[in-house]
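Asks:
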Amino acid sequence: LKGRGARRITSLNIIGAPEGLGLITRKFPQLEIYIAKIDEGLNENKYIIPGLGDAGDREYNTFE
């Protein structure tokens with residue numbers, strides 16, 4: 126987006142984990158982030174806990 130002239134980028138989120146928030150803020154320090162809830166963290170399967178489980182599987186109906 127910056128390469129196409131965006132001067133200000135904002136990310137609006139409902140839920141996340143500290144690990145993801147840390148990663149994105151290190152990679153994109155100028156990004157404005159608004160997040161409603163930061164959950165406890167990720168478990169050994171990289172599922173957000175205590176909340177959503179595998180949010181991608183839930184979103185795209187790809188449960189195994």
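All residue numbers for the sequence shown refer to my numbering, where the first residue is 126 and numbers rise by one. C-beta atoms are modelled at their ideal positions from N, C-alpha and C, and glycine is treated no differently. Remember, predicted model here, so these are calculated numbers, not experimental data.
Can you have a look at A142 and say buried or exposed, based on whether 16 or more other CB atoms are within 10 angstroms of its CB?
Replies: So A142 counts as buried.
Asks: Taking the alpha-carbon positions, what's the A161 to R151 distance?
Replies: Computed Cα separation, rounded: 20 Å.
Asks: Return the bridge partner residues of L146 from the DSSP annotation.
Replies: In the DSSP output, where bridge partners are listed per residue, L146 has none listed.
Asks: What residue range does the beta strand (DSSP E) around G141 cover?
Replies: From DSSP, the beta strand (DSSP E) with G141 extends over 135-141.
Asks: Would you kindly work out how many angstroms separate the C-alpha atoms of L156 and R133, rounded to a whole number?
Replies: So the alpha carbons of these two residues sit roughly 7 Å apart.
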